[in-house]
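Going by my numbering, 20 is the number at position 20 of the sequence shown; the sequence numbering is gapless.
For every residue, glycine included, the Cβ atom is placed at its ideal position computed from N, Cα and C.
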Amino acid sequence: MRKNTTRTVEAGDVFQPSPKITFNVDDDGVTVFDARGGTYWRGNATAADVMAAIEQNLQVGDVVDKISESYGVDPHRVRRDVHALIGELQQSGIIRRVSL
């Protein structure tokens, strides 16, 4: 069983894909493959933007700003949704927090 080591997502946090994780962004969103268990995870276009930004080592606050500007959505709503998604991805082991 995986130990729950997640904490609240903060604007200055940086994440990266966990080892053994590969993902592909396409027109419909993102597909993540977890080689540890042979499982797939599928996300929408916003999830694809989040994963692409994570791969670029962007801080969470910058991810929120980028998505808010791209989609013309209120930053507070985007922040809530991005933080929830990142929490889910971290909890499932798809991404991990890093220090730069």
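| Check | Outcome |
| --- | --- |
| C-alpha gap between residue 60 and residue 35, whole angstroms | 25 Å |
| 8 Å contact criterion, which residue 52 and residue 9 should meet: CB distance rounded | Rounded, the Cβ-Cβ distance is 17 Å, inconsistent with contact. |
| Cβ separation of residue 75 and residue 63, assumed to be a contact under 8 Å, to the nearest whole Å | With a Cβ gap of about 11 Å, residue 75 and residue 63 do not count as contacting. |
| Selected residue, minimal CA-CA separation from residue 48, among 66, 37, 39, 72 | 66 |
| Cβ-Cβ distance between residue 22 and residue 15 below 8 Å | no |
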